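Encoded as structure tokens, the structure appears first; notes follow it.
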Amino acid sequence: MAKTVHTTCAYCGVGCGITAEVRNPELHLVDIQGNENHPANFGRLCSKGSALGETVSLENRLLTPVVDGEKVNWNKALDEVVSRLHRTIKQYGPDSVALYGSGQLLTEDYYVANKLMKGFIGSANIDTNSRLCMASTVAGHKRAFGSDTVPNCYEDLELCDLLVLVGSNTAWCHPVLFQRIRAAKQQQPAMKVVVIDPRKTDTCDIADLHLSIKSGTDVALFAGLLLDLSVRGVMDADYVGQHTTGLQSALKAAEDSVGSVRLVAELCGLKSTDVETFYQWFARTDKTVTAWSQGVNQSVSGTDKVNAILNCHLLTGRIGQPGSGPLSLTGQPNAMGGREVGGLANQLAAHMDFSDMDDIDRVRRFWKAANMAEKPGRTAVDLFRSIEKGDIKFIWIMGTNPLVSMPDASQCIAALAQCPTVVVSDCIEKTDTSAYADILLPAAGWSEKDGTVTNSERRISRQKALFPMSGDARPDWWIISQVAARLGFSEAFDYSGASQIFCEHAALSGFENNDSCKRRGFDISALACLTESDYDQLEPVQWPVSDSQLSSPSGRKRLFTDGIFFTEDRRARFIPTRFEWQSNQTDSHYPLLLNTGRIRDHWHTMTRTGLSARLSQHIDEPFIEVHPEDAERFSLKEQSFCRVSSAFGTAVLKVRLTTGNRQGTVFAPMHWNRSNSRSGAIGSLVNPLTDPFSRQPDFKHTPVKLEPCHFNWHCVFLTRKKLDMQAFTYATEIRMEQGFRYELSDNRSMIEYLNPGEDRIDYRDPVSGVVHCAWFDENVLQGVLIAGRQSVLCDRSWLQKAFLKREWTVAQRWQLLAAVASQGEGEGKTVCTCFGVGERSICRAIVSDGLTEPAQVGIKLKAGTHCGSCIPEIGRLIRSVN
Ligand SMILES: Nc1nc2c(c(=O)[nH]1)N[C@H]1C(S)=C(S)[C@@H](COP(=O)(O)OP(=O)(O)OC[C@H]3O[C@@H](n4cnc5c(=O)[nH]c(N)nc54)[C@H](O)[C@@H]3O)O[C@H]1N2
Ligand SMILES: Nc1nc2c(c(=O)[nH]1)N[C@H]1C(S)=C(S)[C@@H](COP(=O)(O)OP(=O)(O)OC[C@H]3O[C@@H](n4cnc5c(=O)[nH]c(N)nc54)[C@H](O)[C@@H]3O)O[C@H]1N2
Ligand code: SF4
Ligand SMILES: [Mo]
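full-length UniProt numbering puts the first residue of the sequence shown at 1, with every later residue one more than the last.
In structure tokens:
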């Protein structure tokens, strides 16, 4: 009998509810469906969520602790962590120790990690990958509202009449919200969507206006909007008068730096008429939601971008109202939970700060802290610099893969290589970061863990275990508590389970949180006394959840509806934002700007989505998107190789031409790394500048140069066994259902490194250098190799499917050797991941049946009818074919 478990998706900050049917817990067999009752998704899931069942195998799992390369038991591993920690603190003090965590830890893990560092080790050197993700929004919210509080909720994306999406590729990165928006727009065609992004992404599929803004200039656009609204007299004067301060200086700053619509258009590289249209729509639409993500946050002016947006909402009183307000779209499943526990180095805990001695004292008393930190710690980029300088001698990395995801990643590699102690807690054994670990600790992963996460609309949901923990893997909170106990703090870390930690966190949120102290926004004290079974049955709820006057016992959709904020005078602040260039600029050496970000079917550094064959087919190799005119300037062609270099590092990537990018800007995905690609990791190129307020890195803005790069040997190699790619200059590993595909290129034939089997059929042409080769074991296909001096053109998806086939006739072997699919068999590149429908099948159907709408393609082939993420791409195929 299958067991049904209601849990939450492992991936993005939408926080979709999942109904999992566990078919076999030992074999990790599970069917994943969207939970129809979960208020984030109402049954929907995207391609990544739907494929979760394919990523919970034991492949590449870290299942035992490892110390200095030796597998050991937990006792030994924990003793080693503690003795090295002790030694470091004794010799160099608590600030020589750091913890680098993640928005993918559960709230309970995060709470315990923060408590150990700030309350018991006595250093605030605990930062997290949320610094790379949400720090600018946190800083912007705090400057404007006095607290890091998201005022609005998902429903507002459906209720609004104007939706402004700034620096957000919602279609690929928050796909279920994108589906909700699309459905709302279909119901209410008058609703307008504006997309502000230098790239024409799939999100533009629903855009009425796309502002292809010059990278990094959003402050000018929104400062201009503030000015324009005030000139038009579109201002809620009562609201501004009663609930805000600082308007005049914000207007003055806007006037000084942007002045007129014409100047805004010039600064932002936009048409004046488009800017005018956007300003008009914003001015006349009361129900306006502005939602943003990394195009705003990951910038040297990220915090100012956030405040420039918030200023416009404050001026119009559009905050926390149905269908109107600002809504930051968080990235990770628990980035918000991390903000709530205070997991950033400049936060203390539960919306309390180091800037307030009363807060420090309050947390000290609540935790009965032995060594309370009293000042902020080091933030991510600074932290890795301090490791290299030798100021930090012990780092514990938990739930993040910084050697791929940090800017100037080569610097981070150098730092870890010489750090005396590197501890890594991960559920995956081989990652770019784990390669530098002295101690590896096996963490339980999604599907084995139990706890809570908070999504972008402040909704706390339960994540639950589907299977027993594998091998020696343990939850992160357990690992941290064991270390704490061995350090002598057993009383404060004597947790029996996640629910006990959650209750303590909830109690801290309500501790001395009333009007006689400074009231704090984050208050879930009504959940402080949950029993274990209450906790197990906890329904998704939006904080605050408290019995006190400000909140309500069953949570709240919207905040600041009454115009009361968390600043001392209870008024929101307008923040003067001036447009100034602070990023690195292009010059004759590095004439183009590198923008980096995400693709539809992969998650970050691919440690989990890279395990799914289905998710690996939509975009199978690292690439660089280049505008055709830039390509011509630098002698590049579609699918040619390109060396991309910045002042910090180099990558070799395949070119994809697109007119969607602004000229002068190129885009590369962040996902590929040294474990699955020889030259596709982009982190080493990204400049390490950070925003002065939030210290969030400028991931979207690095000057680079492009040079053509030629290889005279190319090969596609499909095999059931993993290949060591070290010998190759260009190599990418792609997961297929029955093994791996490798795309290889070099300057000489590398066939000697590839190992065809004995039972082999060969075709070799010494004149052209072409080699085709397939080998079998008892008539079961083991490998295929196709190499030559030109890049290999063949249908990869068809070759991959050949590995599923059992019996091979002689004729079929020949057909395989020729690598030519017979008519009607070739699917081409996967477009619809859910049903495995390829580009060629879709084009054939469009032509043969004269299809003109994605919905018709759906009826014919099912493509686009499950998660809907591929609908924009199907639309593009229809337009290109017809
Ligand atoms: N498929 C998938 N989904 C994910 C993730 C994933 O790895 N894969 N990760 C999750 C996480 S942690 C995060 S943080 C989110 C990120 O979600 P998004 O922020 O939506 O994703 P990105 O691709 O990083 O960047 C968004 C867009 O910002 C644009 N941009 C760049 N510079 C500027 C600028 O100066 N101004 C403006 N207005 N736009 C600019 C880029 O062109 C890009 O299209 O996605 C989450 N969802
Ligand atoms: N160039 C460029 N770089 C970027 C960005 C960008 O836009 N461009 N975006 C930045 C952003 S917004 C983000 S959020 C980061 C993300 O970057 P990372 O956090 O480095 O990426 P992940 O691959 O999600 O890493 C999570 C790690 O935790 C492991 N893991 C998963 N679950 C658990 C668990 O329960 N416990 C433990 N201990 N480990 C676990 C995974 O196997 C994986 O190794 O990347 C940043 N880097
Ligand atoms: S949108 Fe996709 S990745 Fe994000 S939570 Fe929902 S199913 Fe998971
Ligand atoms: Mo993120």
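From the three backbone atoms N, C-alpha and C, an ideal C-beta is built for every residue, glycine too. Since this is a predicted model, take the numbers as computed values, not measurements.
Measuring straight from C-alpha to C-alpha, what distance separates residue i and residue j?
{"i": "ASP746", "j": "PHE711", "result": "5 Å"}
{"i": "THR244", "j": "THR658", "result": "45 Å"}
{"i": "ILE786", "j": "GLY757", "result": "14 Å"}
{"i": "ARG796", "j": "VAL644", "result": "26 Å"}
{"i": "VAL193", "j": "ILE761", "result": "56 Å"}
{"i": "GLY34", "j": "THR19", "result": "6 Å"}
{"i": "ASP547", "j": "GLY555", "result": "10 Å"}
{"i": "LEU159", "j": "ARG459", "result": "19 Å"}
{"i": "ALA113", "j": "TRP74", "result": "18 Å"}
{"i": "VAL240", "j": "ALA10", "result": "41 Å"}
{"i": "GLN549", "j": "ASP523", "result": "Confidence in GLN549 is poor, its pLDDT being 49 and thus under 50, which makes the residue's placement too unreliable to answer from."}
{"i": "GLY377", "j": "ALA681", "result": "29 Å"}
{"i": "PRO65", "j": "SER640", "result": "43 Å"}
{"i": "MET357", "j": "GLU737", "result": "57 Å"}
{"i": "ASP79", "j": "ARG474", "result": "16 Å"}
{"i": "HIS627", "j": "LEU592", "result": "11 Å"}
{"i": "ALA435", "j": "MET606", "result": "16 Å"}
{"i": "ARG598", "j": "THR865", "result": "23 Å"}
{"i": "LEU85", "j": "CYS412", "result": "21 Å"}
{"i": "PRO442", "j": "SER509", "result": "30 Å"}
{"i": "ALA405", "j": "GLY739", "result": "A small correction: the amino acid at residue 405 is Ser; Ala does not occupy that position in the sequence shown. Looking at the two C-alpha atoms, the distance is approximately 26 Å."}
{"i": "THR170", "j": "GLU448", "result": "29 Å"}
{"i": "ARG364", "j": "VAL56", "result": "40 Å"}
{"i": "THR609", "j": "PRO854", "result": "26 Å"}
{"i": "SER499", "j": "ASP534", "result": "9 Å"}
{"i": "ARG180", "j": "ASP450", "result": "28 Å"}
Residues in the same chain with beta-carbon distance under 7 Å from residue i, minus the five sequence neighbours each way, listed in chain order, please.
{"i": "VAL453", "result": "THR8, GLY15, LEU106, THR107, PRO333, ASN334, GLY337, SER461, GLN463"}
{"i": "ASN307", "result": "GLY140, ARG143, ALA144, ILE575, THR577"}
{"i": "ALA863", "result": "VAL831, CYS832, PHE835, VAL837, ILE842, VAL857, CYS870, ILE874"}
{"i": "ARG131", "result": "LEU344, THR379, ALA380, ARG695, GLN696"}
{"i": "SER102", "result": "THR128, ASN129, MET398, GLY399, THR400"}
{"i": "ALA528", "result": "CYS503, ALA506, ALA507, GLY510"}
{"i": "VAL173", "result": "A small correction: the amino acid at residue 173 is Cys; Val does not occupy that position in the sequence shown. Cβ within range, chain order: CYS12, SER293, ARG598."}
Would you call the CB atoms of residue i and residue j closer than 9 Å?
{"i": "PRO322", "j": "ILE309", "result": "no"}
{"i": "ARG741", "j": "GLN800", "result": "yes"}
{"i": "VAL296", "j": "GLU276", "result": "no"}
{"i": "GLY302", "j": "SER694", "result": "yes"}
{"i": "ALA444", "j": "SER470", "result": "yes"}
{"i": "ILE397", "j": "TYR763", "result": "no"}
{"i": "VAL164", "j": "THR290", "result": "yes"}
{"i": "SER684", "j": "GLY649", "result": "yes"}
{"i": "GLU26", "j": "LEU611", "result": "no"}
{"i": "ASN311", "j": "PHE222", "result": "yes"}
{"i": "GLU638", "j": "GLU743", "result": "no"}
{"i": "SER136", "j": "SER299", "result": "yes"}
{"i": "THR217", "j": "PHE178", "result": "no"}
{"i": "LEU211", "j": "ALA484", "result": "no"}
{"i": "ILE479", "j": "PHE493", "result": "no"}
For my contact list, residue i and residue j are in at a C-beta cut-off of 8 Å; report their separation, rounded to the angstrom.
{"i": "ILE751", "j": "VAL771", "result": "6 Å"}
{"i": "VAL652", "j": "CYS715", "result": "No, VAL652 and CYS715 are not in contact; Cβ-Cβ is about 16 Å, not under 8 Å."}
{"i": "ARG662", "j": "GLY269", "result": "7 Å"}
{"i": "HIS618", "j": "ASP601", "result": "5 Å"}
{"i": "ASN595", "j": "SER215", "result": "6 Å"}
Note down, in chain order, each residue of its chain lying with its Cβ closer than 6 Å to the Cβ of residue i, except the 5 sequence neighbours on either side.
{"i": "HIS505", "result": "TYR111"}
{"i": "ALA727", "result": "TYR753"}
Could you tell me which residues DSSP pairs with residue i in its beta bridges?
{"i": "LYS705", "result": "SER645"}
{"i": "GLU743", "result": "VAL716, THR732"}
{"i": "HIS6", "result": "THR19"}
{"i": "MET398", "result": "SER425"}
Say yes only if the C-beta of residue i is nearer than 8 Å to one or more non-hydrogen atoms of ligand 6, and no if none qualify.
{"i": "HIS174", "result": "Although ligand 6 was asked about, the structure shown includes only ligand 1, ligand 2, ligand 3 and ligand 4 as ligands."}
Once the 5 residues before and after residue i are set aside, which same chain residues still bring their CB inside 8 Å of it?
{"i": "LYS860", "result": "ALA845, ASP849, LEU851"}
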